Amino acid sequence: MKRATQFLLAGLAARYLYRKYQEARYTFHGKVAIITGGSRGLGLVMARQLAEQGAKLALFARDAHELERAKADLVVTTPPYPDHRRRCV
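Here is the structure:
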């Protein structure tokens, strides 16, 4: 039992260290993410995820009102970020 516990702990430690290594390999912190269609749907979900990981966002959409709604949503759910919204014509 003692040996099995040691192997289990060693495996858990190795998995933890590997995950930390993978996380440190690439980060979006400080990067700029340009998202077209970022005012709703998949674009908005991607914007949330990238903002939570520290990315600066540049959202583009056709509807200015949708961009305002997306901004309000992102301000509430994610850390502060510079406002780089643009309406695509």
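Just so you know, this note's numbering puts 466 at position 76 of the sequence shown, and the rest follows in order with no gaps. Just so you know, even glycine gets a beta-carbon here, dropped at the ideal spot from N, CA and C. Given the structure is predicted, the values throughout are model-derived calculations rather than measurements.
{"Asked": "Would L399 be called buried (16 or more neighbouring beta carbons within 10 Å of its own) or exposed?", "Found": "exposed"}
{"Asked": "With C-beta atoms as the reference, is G428 less than 7 Å away from A437?", "Found": "yes"}
{"Asked": "Leaving aside the five residues before and after F418 along the sequence, list all residues of the same chain whose C-beta is less than 7 Å from its C-beta, in chain order.", "Found": "L440, Q443, G444, A445"}
{"Asked": "Find the nearest neighbour of D463 within the set A448, A451, V435, D453, judged by alpha-carbon distance.", "Found": "V435"}
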